[in-house]
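Asker: Line by line, the protein sequences give chains A and B.
Residue numbers for the first sequence follow this note's numbering, so the first one is 1 and each next one is one higher.
Residue numbers for the second sequence follow this note's numbering, so the first one is 1001 and each next one is one higher.
Protein chains: 2
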Amino acid sequence: MATPKIEEFTNEEIFLADIAKALSHPARIKIMKLLSEMNACVCGEIVNLLPLAQATVSQHLKELKRVELIQGDIDGPKVCYCVNVNTLQKITKDFQNYFNNLNKGEKISCKPKMK
Amino acid sequence: MATPKIEEFTNEEIFLADIAKALSHPARIKIMKLLSEMNACVCGEIVNLLPLAQATVSQHLKELKRVELIQGDIDGPKVCYCVNVNTLQKITKDFQNYFNNLNKGEKISCKPKMK
DNA sequence: ATCGTTCATCGTAAATATACGATAAAGAAA
DNA sequence: TTTCTTTATCGTATATTTACGATGAACGAT
């Protein structure tokens, strides 16, 4: 046993996984797209653009807010959502980095007889 | 109700979400990193580099295999895993595209008085 | 043939995620 | 005020995920 069993994940690994989790549902992928196309959008409009009930969409918005990918601005009885530009730029950079590093490997694949 | 309720998600939305799901756990983020750094790696080595039991790691490897981010080559009693370069290149491009489009918006944030 | 190693799968427990109707809260409109 | 609209939250059902020990299958070594 040359390599000692590792004890924890790094903060970076946890962070990237958490962002990936926030984007791991088609509804949330779409909400991000919608908000960036429309710059901002009230909740009700988003609900109409998704094949889901209002309560469910509200949950998905909450998950995106959790990682600060979006923010909501209360506007009378409505809530206007928009992309959080700071977070978006950070994760864009972080994932570009991550993918770039993944692509750096020598790409010597094992024999391709897949299990 | 100007916008008719949408019925389904697009294949692209489903695909991106599915890849994000495959990367939504620190162990799987790390496995991809390890495999790309080492080019290839037998399962047992991966188990030693993660704070998880062998059965659990095997499950995570299965999830990465499901979306074809990695492949396994049976080598006697061992299994040698490596990154699937084709898939990696595809998703790198797809996510770069997705993030680029997200960043294209006019970035007029709603008033930042958050909920 | 038997044994040890390696890894996937099974069984299972606990936690988390997804979905929706119902309700509550908050403001606009009457 | 009363009512309507909008949205978050509650309650709840179901499904999926995560984790691990135990077992089984495949192979190399003895």
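The beta carbon of each residue, even a glycine, is placed where N, CA and C say it ideally should be.
According to DSSP, A:Lys78 sits in a beta bridge with which residue or residues?
Answerer: DSSP lists A:Asp75 as partners of A:Lys78.
Asker: Looking at C-alpha atoms only, which residue of B:Val1083, B:Arg1028, B:Asn1048 is the closest neighbour of B:Ser1125?
Answerer: Absent from the model: residue 1125 of chain B. The displayed extent of chain B is 1001 to 1115, so no value can be given.
Asker: Taking only the alpha-carbon atoms, compute the straight-line gap between A:Asn103 and A:Gly76 and give it to the nearest angstrom.
Answerer: Taking the straight line from one Cα to the other gives about 48 Å.
Asker: For B:Pro1026 versus A:Ala17, is the C-beta spacing smaller than 9 Å?
Answerer: Taking 9 Å as the Cβ cut-off, B:Pro1026 and A:Ala17 qualify as a contacting pair.
Asker: State the DSSP-derived secondary structure class of A:Val42, mapped to helix, strand or coil.
Answerer: Looking at A:Val42 - three-state DSSP - the assignment turns out to be strand.
Asker: What separation, rounded to the nearest whole angstrom, lies between the Cα atoms of B:Phe1015 and A:Lys5?
Answerer: Distance between the alpha carbons of B:Phe1015 and A:Lys5 is about 34 Å.
Asker: What are the partner residues of A:Val83, as DSSP defines its beta bridges?
Answerer: In DSSP, A:Val83 forms a bridge with A:Ile70.
Asker: Would you say B:Lys1090 lies against chain A (beta-carbon separation less than 9 Å)?
Answerer: B:Lys1090 does not count as touching chain A.
Asker: Give the interface partners of B:Gln1096 over in chain A, defined as CB-CB distance under 8 Å, in chain order.
Answerer: Per Cβ cutoff of 8 Å: Gln96, Phe99.
Asker: Of all the options B:Glu1012, B:Thr1092, B:Leu1064, B:Gly1044, which has the alpha carbon lying nearest to the alpha carbon of B:Asn1079?
Answerer: The sequence as given places Val at residue 1079 of chain B; Asn does not occur at that position. The option with the nearest alpha carbon to B:Val1079 is B:Gly1044.
Asker: Does any residue of chain A have a CB that is nearer than 9 Å to the CB of B:Ala1017?
Answerer: At least one chain A Cβ lies under 9 Å of B:Ala1017.
Asker: Taking B:Phe1095 and A:Phe99 to be in contact with their CB atoms under 8 Å, please state how far apart those CB atoms are, rounded to whole angstroms.
Answerer: Contact flag correct, Cβ pair sits at about 7 Å.
Asker: Out of A:Asp73, A:Pro51, A:Glu68, A:Gly105, which has the shortest C-alpha to C-alpha gap to A:Val85?
Answerer: Ranking A:Asp73, A:Pro51, A:Glu68, A:Gly105 by Cα distance to A:Val85 puts A:Glu68 first.
Asker: How big is the Cα-Cα spacing for A:Val57 and A:Ala20?
Answerer: Near 18 Å, if we compare the C-alpha coordinates of A:Ala20 and A:Val57.
Asker: Can you look up A:Leu16 in the DSSP assignment and give me helix, strand or coil?
Answerer: Three-state DSSP puts A:Leu16 in a helix.
Asker: Starting from A:Ile31, find everything on chain B with Cβ-Cβ shorter than 7 Å and list it in chain order.
Answerer: The premise fails here: A:Ile31 is roughly 10 Å from chain B at the closest Cβ pair, so nothing lies under 7 Å.
Asker: Along the stretch 1024-1050 of chain B, what residues have a CB closer than 9 Å to any CB found in chain A?
Answerer: Here the close residues are Ser1024, His1025, Pro1026, Ala1027, Arg1028, Ile1029, Lys1030, Met1032, Lys1033, Leu1035, Ser1036, Glu1037, Met1038, Asn1039, Ala1040, Glu1045, Val1047, Asn1048, Leu1049, Leu1050.
Asker: Using the beta-carbon of each residue, which ones in chain A are nearer than 7 Å to B:Gly1105?
Answerer: Near B:Gly1105 (Cβ distances below 7 Å), the residues of chain A are Ser36, Glu37, Asn39, Val83.
Asker: Give me the Cα-Cα distance between A:Lys62 and A:Ala55, rounded to the nearest whole angstrom.
Answerer: For A:Lys62 and A:Ala55, the distance between alpha carbons rounds to 11 Å.
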